[in-house]
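Engineer: Protein chains in written order, with my numbering: chain P, 1334 to 1844; chain L, 1334 to 1844; chain H, 1334 to 1844; chain B, 1334 to 1844. Glycine is no exception: its CB is placed at the ideal position from the N, C-alpha and C atoms.
Protein chains: 4
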Amino acid sequence: MSLPNRHNPYRFDPYLERRAKIDYYADDPFLQQVVRHFAKGDFARIDAAARAVSQKASYRWRDLADAMARLEQRPTLQTWDAHHRRVDRVLRPAEALTLESEVFSEGLFSRRTDPLTRIVKMFLIYENGEACTACPLVCTEGMVAVLDAHAESAEAKAILEHVKEGRDGRFGVGAQFLSEIQGGSDVPANVCEAVLEDGAWRLFGTKFFCSVAHADYAVVTAKPRGSEAVGLFVAPLWQPGHENQRRNGLTVDRLKWKMGTCELPTAEMTFEGMFAYPVGPLDRGLANVVGVVLTLSRLTVGIASAASMRRAAREAAVYAEFREAFGQRLTGFPMVQAQLADMDRASRRTTAGAFKIHHAFHAPDKDERRTLEARELVMLQKFASSEDSTETIREAMAIFGGHGVMEDFSCLPRLFRDSAVNELWEGPRNVLLAQIHRDLHRASRKLAPREFVTGLLRGADAGVVAPIAATFEELVPLEALPIEACRRWDQACRALVHAYQDVALAEVEAS
Amino acid sequence: MSLPNRHNPYRFDPYLERRAKIDYYADDPFLQQVVRHFAKGDFARIDAAARAVSQKASYRWRDLADAMARLEQRPTLQTWDAHHRRVDRVLRPAEALTLESEVFSEGLFSRRTDPLTRIVKMFLIYENGEACTACPLVCTEGMVAVLDAHAESAEAKAILEHVKEGRDGRFGVGAQFLSEIQGGSDVPANVCEAVLEDGAWRLFGTKFFCSVAHADYAVVTAKPRGSEAVGLFVAPLWQPGHENQRRNGLTVDRLKWKMGTCELPTAEMTFEGMFAYPVGPLDRGLANVVGVVLTLSRLTVGIASAASMRRAAREAAVYAEFREAFGQRLTGFPMVQAQLADMDRASRRTTAGAFKIHHAFHAPDKDERRTLEARELVMLQKFASSEDSTETIREAMAIFGGHGVMEDFSCLPRLFRDSAVNELWEGPRNVLLAQIHRDLHRASRKLAPREFVTGLLRGADAGVVAPIAATFEELVPLEALPIEACRRWDQACRALVHAYQDVALAEVEAS
Amino acid sequence: MSLPNRHNPYRFDPYLERRAKIDYYADDPFLQQVVRHFAKGDFARIDAAARAVSQKASYRWRDLADAMARLEQRPTLQTWDAHHRRVDRVLRPAEALTLESEVFSEGLFSRRTDPLTRIVKMFLIYENGEACTACPLVCTEGMVAVLDAHAESAEAKAILEHVKEGRDGRFGVGAQFLSEIQGGSDVPANVCEAVLEDGAWRLFGTKFFCSVAHADYAVVTAKPRGSEAVGLFVAPLWQPGHENQRRNGLTVDRLKWKMGTCELPTAEMTFEGMFAYPVGPLDRGLANVVGVVLTLSRLTVGIASAASMRRAAREAAVYAEFREAFGQRLTGFPMVQAQLADMDRASRRTTAGAFKIHHAFHAPDKDERRTLEARELVMLQKFASSEDSTETIREAMAIFGGHGVMEDFSCLPRLFRDSAVNELWEGPRNVLLAQIHRDLHRASRKLAPREFVTGLLRGADAGVVAPIAATFEELVPLEALPIEACRRWDQACRALVHAYQDVALAEVEAS
Amino acid sequence: MSLPNRHNPYRFDPYLERRAKIDYYADDPFLQQVVRHFAKGDFARIDAAARAVSQKASYRWRDLADAMARLEQRPTLQTWDAHHRRVDRVLRPAEALTLESEVFSEGLFSRRTDPLTRIVKMFLIYENGEACTACPLVCTEGMVAVLDAHAESAEAKAILEHVKEGRDGRFGVGAQFLSEIQGGSDVPANVCEAVLEDGAWRLFGTKFFCSVAHADYAVVTAKPRGSEAVGLFVAPLWQPGHENQRRNGLTVDRLKWKMGTCELPTAEMTFEGMFAYPVGPLDRGLANVVGVVLTLSRLTVGIASAASMRRAAREAAVYAEFREAFGQRLTGFPMVQAQLADMDRASRRTTAGAFKIHHAFHAPDKDERRTLEARELVMLQKFASSEDSTETIREAMAIFGGHGVMEDFSCLPRLFRDSAVNELWEGPRNVLLAQIHRDLHRASRKLAPREFVTGLLRGADAGVVAPIAATFEELVPLEALPIEACRRWDQACRALVHAYQDVALAEVEAS
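So, in structure tokens, the structure goes:
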């Protein structure tokens, strides 16, 4: 009698080998097409840049991202060292330090990098999820934008130079510390105080959602003593010359325990006299935060969502091409085929839309209408694409069956958790839906709601446009949305951005 | 000049105090109404039992569930001890041992506990999420059911007695080890082998998703050597008299790293001659697994989903009543009001539906049609309610803004991750949708698809029933669903179960 | 050809079974003899108490001590909770909470427990090493002693009652916070400040070695504002009614990372206005700390050292009786026999000495000479026995060969690390050697050094006494020890305490 | 009234700054003198090499060693990956990978590196403790030596080349797997089996102390089937071309939980047909293991012990020069002065002795007597120096008072634990004392014991030599040591090696 076999001989190797070899850009003709569409004459140059960064993102950076995701690798906080020195230092795994350093060395915010090249590189980087790089990049981008516009003091200019162009090959990393306990999105409710002493501003108070707690610099909001207006500041987070050793008048009270973006340290901090430099007029801080910093973050959430979806759709497809069940390939099941097609299409339309909105946003010399459109598109995309991303990743996980929720079987559970976090920061849905309504209501004297819709959806099917336009026409004029209209407003806004993305996709595919 | 305040004086205390005091049953009039509706003359007795268990579930067990959820508390595997003894022991935190022991001491599967009392208690227990209790309960319930029907050997009967009635006050815990590497849901593809030696069956092979890896006993599938049919066995997981010291011919190769239900140890195991006892005829194993074990698991997923939704809706409501943003209570925003109402209604209809389906399933002396209906309802509910649950918890998290994804701010991220896992095991959506289609197609000679729909939806609006019935009438007769029909089949099935739940809710509320 | 055997069939089981069954008291006739010798007429009662506590210490408490020693179980600090509440809470594993609660429920410091019963129980408890019980017991004992003598305020009396007699079955746990950064043993250098406000004392400053950081109360030294004298206070560590939730005006800055006693949380703390109650006259704090609190701690180090040695000697013997090398039992090697005999004898003489010194210390109505003798014996024993203990455990580890340094093969590495810590706190060797010299020098006008030696060593061999007496006669009169005499002073002091212990052992064995 | 100061302003900064700057070689004139004494004409070259490596060891490698010592960084074992592939991979922190790679890149075993340069570099590297480099270096050195003598097959020669000279800049790392469960030092008791199949040797069985479990290759002992003699083999630990992915027929069952050398993974392994290549004649394996591999390891323990002592003495001195107690510098206390002087002298004599013994061992063309002397010196030094090292580090810790046992205050607790492990492996004291006695007894027909002693101690005080010689004369002729002579034999052996070291020190200082 033969001996029974102890171990099941089944192997995932063909799948793993196939998966290991994928190049995010070189193996994604659609993405190349998107780049070609928007790059126009610059395609050769930008394509080359994309291929170069993809060689890193698809292999070495992917592996670093996976390695740092292990539970034991989560960032920890050291408040005091063994010798009674308050250090407030975030301890991260060596993999995170390496990845961050290599990614920032790309010089994404350098004056030598055009917006399209930047976004293409970011897209590829974002296919690896948060990985303690996505949020640092976004925050740094916002910091660069606001300092590009408003850096006046020598200190602010030096910071700008460090984060844009680097110093001795090392690039400054930026953070945004805006939210307080009493209200995440409600920046006007800030109680952090800025005090002018001997010509220098010092900040006092508590910030409750300080992502990129390990950064070199932060954009911070605070109210100048005696004022009700929120001012905007930039602050180095360490005492100059004492990086990673002595904080600039702040304590890191706690690292938050998050469901997603776990590799990224998000802290609660207390400012106890942190030196900071004003950015722009101190009574215009809110406008600069919302108009520049938050808007850029939201724009980038669109890109990140598209990248996650693209990755998720591909991961599912690669698995489905390998795996068999009930005697046939998963790709042989109509249900699976339909789902893969849905995911692929969703990822393509979101990608095309994200590039188009990015393009519209960065278009020079926009008139008032184009400016409004860009602003609303950014908000519409922020909430819709982040939710679509979560949904698509969830669908992709379902293709894997029970393996779908295993954190080390594929990257999907991590992307899923990251995406679920993306939904809730930089303005959750309710805040954005209300803001969009407020904006359009205010603008409606000049721009009829119907016209706003039809303007955005030029090129779309009339049958798609009509109901959206009708709902906007009905609801925008209302001073406030009544409870029974809320769901319809939500749906119409989603329909609008999806229709916009469909048009963008058609344009890309036609080019 | 006054000194700036270092710390923000904002306090969550009123919210936390309110939250801490909630009694899952006593503070939920709707749940009481459900119990009254189904209990009829037994209400006083079952209500008393519910109040008693709720006193534990709402406070002490809730706290144990929260405490064991910390990352450092995750179960770990010890394969060898320090003295070269292979132990294959799962190390769990003391909190998990305590909670499991207290919950199992409720005697849920005792012959003294009627089905309704059991499900009410389970519902309250499930409001705490997985907590290394939900899955052990489900698996034990399935084991009891299949052994109640098929235990013949003295060993099987002794196991049944241990898990049903306990021994010296300690109740046996059951597990199900069915899935293998080559196919999670595809039990017929099992390659595990059962070998008869000297009148005793021994199992050889690998199981890849062994939840409740710490259990006392498991229901296991394996093919008797030389047969293509899957047989069903029950096996003690330890050598008798060496509990937690020596395994019964198996190794635990690895604990899986899951996104959710993290407190529950899910293992990959190899059987190297595990002694096991047949359960029912060995050529009928698949039928017993699917018809009894899996069906009960799926039924319970419905209850668990409803419980999670009820908890999530309440958590969101309690927070919204406390929290202010932009100068007013969250409950003052129409958008929030609409969302809270949606969540509440979703949780109520799922709850009413789950109890009604449970009732239908446990109805005695069902004829062929009732049996088919119960079977299909269980599958329909399994995929729809688990997804609805994830969705409702996600909505509840959104009410919390940035706090929503913090694992220690509320239980919601944990429930969310648990629910996402629930979607993918015990039959993911695709498998169930295909099975339902197959079942109805096969039955359609006796029971027209339209009749099946209208029969289930007695009491529902004609406007709701008509499109569902039409879709069933069109798609059920097809031998196989074409790719373009898949999405419609999915939607019609969801619509069917939602309509059924709406009817159930109306009945409860009318009673 | 037969298949090669994969696994080595060697088993440690006989050793493990033997080891598991040992009762620390019932299986130690020597310890029983010690108790008989000192208990005299009370033997039956104390023997019964010892047997009862040994049933717990030898099995259940031993297992809890082992379980809490795993690295993952080390205490951690939570400074803020998830809801912005500063909690400064020490998180310990459930095993530690259980063990502490059960040990303290013995009522060791109750007025119903005589000193000999207390020390016998402590001895048995200490055979399990620190286990987050040894230090809490010692600190509580010191607190009881100093409050018994000096509690005057209602608050201090209530604290005393709580730690002595318990409240609702739960006994208060005491701590000692004396050492500051600038000097561990140098209490007079304290800079912590006590400020009297509205009739209440509040403490401000930093303590750097706060063992039992989770305690209910602490004995604390601080200088009343404006005074150079160190005052003694007792402080509740939590706000009354908010135990484990809100601290009494202190922050726990950090838990130290220690080589030994790792289960015991030792913290760095900052007092920010902690309410505290004076203990005795505020200008006599130093005397009370050193004379009562520290002296009791040192006395207990003697007991703990003896208990560790007893355990270590036994662990080595049990292993040597089982293990073979080069074809024979370890006990068959003369080298091993000699070492086992040495360890056994060292543990016996230290035990006999510790009980005798304890007896001498607690003797009522001591005259000036007896008081001096007891004081010096306590210090001599503190440094000598703690070092002897480390040495004996190290010898015991060597019997185990490579297994000796495996933390989970036996308890010895843990005991070794605990003992190494014991050497350095409560007065390290240099401080004690200097203090003994100072004491005897000061006393030498009334009590000649030679007479001090011969008085203590009554019953010892003249050949042993003579060189010690000669060295004392030469060195005590010196104002300060010159560098070349230091080693001789050290050796003579060790010789003295060892000779004293030998006499004690002879007395016990003769009885 | 002024506000009380919350935080104690005390600072360790001057100490830390001083400590941070120390160069292990450049700041140690004594070590330079040792090198000059042994290097003779080669001093300039070797001095330059020492200065270069010291620049790395004293700063960057020191910091890496400290960083990898954190508890969270301990190596862990991954037996299976997420995709059902048995990998048996040791996960180590990135710091360990970096340090190992940099240290091995020194090419210590290259044919371009002379023995003195090698030992000087090793000495400096060993000042950082184990750090997952000391043991890998020792094992690799032994492998090189035995393969240099016996590599015959192409495979063995390729391995030798890889570990000696590197390949593509990466150097192979060696391990030694000798000890089995039934006897650590008792290699002849090995039960591991070597089976010759189709011209290839494959190993089966269990090894219980497999340090450097992550290595590329191992020297392994096993008995050829049918033989009672232990054979020696070298085996690659991974399948060629699948490094860190697929093992060569072995499983890593468990990583041991050690008290010291915690950064070094020590495993229990099972060979299930590991391919291996014979090293030397298979009936001479034991001789080669003991005579080459173990002897080199023991020799290196002497170097490592000296390096630890040198580091510990310096750490204590630096702290004592900074710290004050009771109003004066620690260096002002005679007791401290005496202790620092003792430590310094102990570290110097051990260092001088270690270099002299190393020199004697590597002397070419030794006659029989010189060979015997070298062999005995290596064993004498092994046990005596490792114990002296533990003792000196313990004394150094005592200088730090309570800070001495804090793992992050200084490196001493780590060095202490590493040293305590060193005592017990590569032959614990009892094994060596017995072997030395056996060797001298056997040699005594040719070499009188007295002559052996006086020969070794040429240059020592007659008063020192006489009692040692007398004891040897009395005890060596005995067939076996009686129990009452064991302690004297131990003491005489220690006295011998200490006297030898004193002579060596005098020679160095006179040069």
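Looking at Y1833(P) and A1793(P), is the spacing between their C-beta atoms short of 9 Å?
Structural biologist: Against a cut-off of 9 Å, the Cβ pair of Y1833(P) and A1793(P) comes out as a contact.
Engineer: Quick one: what does DSSP say Q1411(H) is sitting in, helix, strand or coil?
Structural biologist: Q1411(H): strand per DSSP, three-state reduction.
Engineer: So, helix, strand or coil for T1539(P), using DSSP?
Structural biologist: Three-state DSSP puts T1539(P) in a strand.
Engineer: Pick helix, strand or coil for Y1610(B), following the three-state DSSP scheme.
Structural biologist: In the structure shown, Y1610(B) sits in a strand (DSSP, three-state: E or B).
Engineer: Pick out whichever of R1425(H), A1843(H) and Q1366(H) has its Cα sitting closest to the Cα of H1547(H).
Structural biologist: The residue with the shortest Cα to Cα distance from H1547(H) is R1425(H).
Engineer: To the nearest angstrom, how far is it from the Cα of A1482(P) to the Cα of T1628(P)?
Structural biologist: One C-alpha to the other measures close to 15 Å.
Engineer: Is R1631(L) close to chain P, meaning its C-beta is less than 9 Å from at least one C-beta of that chain?
Structural biologist: Taking Cβ atoms only, chain P never reaches closer than 9 Å to R1631(L), which makes this a no.
Engineer: Between T1539(H) and H1417(P), is the Cβ-Cβ spacing less than 9 Å?
Structural biologist: Yes, the pair counts as a contact, with Cβ atoms nearer than the cut-off.
Engineer: Sort A1402(B), D1447(B), R1419(B) and R1444(B) by Cα distance to E1428(B) and report the nearest one.
Structural biologist: Per the Cα distances, A1402(B).
Engineer: Nearest CA to the CA of N1523(B): which residue from E1530(B), L1529(B), A1803(B) and I1514(B)?
Structural biologist: For the residues E1530(B), L1529(B), A1803(B) and I1514(B), the minimum Cα distance to N1523(B) belongs to I1514(B).
Engineer: Would you please state the rounded distance, in angstroms, between the beta carbons of R1643(L) and T1684(L)? I believe it to be under 8 Å.
Structural biologist: At roughly 6 Å, the Cβ-Cβ gap stays under 8 Å, so R1643(L) and T1684(L) are in contact.
Engineer: Less than 6 Å between C-beta atoms, sequence neighbours within five positions excluded: which residues of the same chain meet that for A1600(L)?
Structural biologist: The answer, listed in chain order, is C1543, A1546, V1585 and L1588.
Engineer: Quick check on E1842(H): buried or exposed, where buried means 16 or more other Cβ atoms within 10 Å of its Cβ?
Structural biologist: Classification for E1842(H): exposed.
Engineer: Of all the residues that make up the region 1736–1749 of chain B, which are near chain P by a beta-carbon distance shorter than 7 Å?
Structural biologist: Answer in chain order: M1739, D1741 and F1742.
Engineer: Give a yes or no on whether 9 Å exceeds the smallest Cβ distance from H1340(L) to chain B.
Structural biologist: For H1340(L), the answer is no, since every Cβ of chain B falls outside 9 Å of its Cβ.
Engineer: Just tell me which of S1844(B), D1399(B), Y1550(B) and A1813(B) has its CA closest to the CA of D1496(B).
Structural biologist: Note that residue 1496(B) is Val in the sequence shown, not Asp. Looking at the Cα atoms, Y1550(B) is the closest of the given residues.
Engineer: Using DSSP's beta-bridge definition, name the partner residues of G1564(L).
Structural biologist: G1564(L) pairs with A1555(L).
Engineer: Report yes or no: is there a C-beta of chain P within less than 9 Å of the C-beta of T1723(L)?
Structural biologist: Yes, because at least one Cβ of chain P sits closer than 9 Å to the Cβ of T1723(L).
Engineer: I'd like to know whether the C-beta of F1805(L) is nearer than 9 Å to at least one C-beta of chain B.
Structural biologist: Answer no: the Cβ-Cβ gap between F1805(L) and chain B never drops below 9 Å.
Engineer: Leaving out five residues on either side along the sequence, give the residues of the same chain with a beta carbon under 7 Å from the beta carbon of R1451(B).
Structural biologist: Excluding positions up to five away in sequence, the list reads L1441.
Engineer: Can you tell me which residues form a DSSP beta bridge with F1510(B)?
Structural biologist: In the DSSP output, where bridge partners are listed per residue, F1510(B) has V1553(B).
Engineer: Which two residues bound the contiguous beta strand (DSSP E) that contains R1587(H)?
Structural biologist: It spans L1583 to L1588 - the beta strand (DSSP E) in which R1587(H) sits, taken as one unbroken run.
Engineer: So, for V1477(L): in the same chain, excluding its five sequence neighbours on each side, which residues have a beta-carbon less than 8 Å away from its beta-carbon?
Structural biologist: The answer, listed in chain order, is F1442, L1493, V1496, K1497 and G1507.
Engineer: Reducing DSSP to helix, strand and coil, say where G1462(H) ends up.
Structural biologist: Correct three-state label for G1462(H): coil.
Engineer: According to the neighbour-count rule (16 or more other Cβ atoms, all chains shown, within 10 Å of its Cβ), is A1372(P) buried or exposed?
Structural biologist: With 16 or more Cβ atoms within 10 Å of its Cβ, A1372(P) is classed as buried.
Engineer: Would you list, in chain order, the members of the region 1579–1599 of chain B that have their beta-carbon closer than 9 Å to a beta-carbon of chain L?
Structural biologist: Correct list: D1586, R1587, K1589 and W1590.
Engineer: Looking at the unbroken beta strand (DSSP E) that takes in D1721(H), where does it start and where does it end?
Structural biologist: Where D1721(H) is concerned, there is no enclosing beta strand (DSSP E), although the alpha helix (DSSP H) it sits in stretches over E1701 to I1732.
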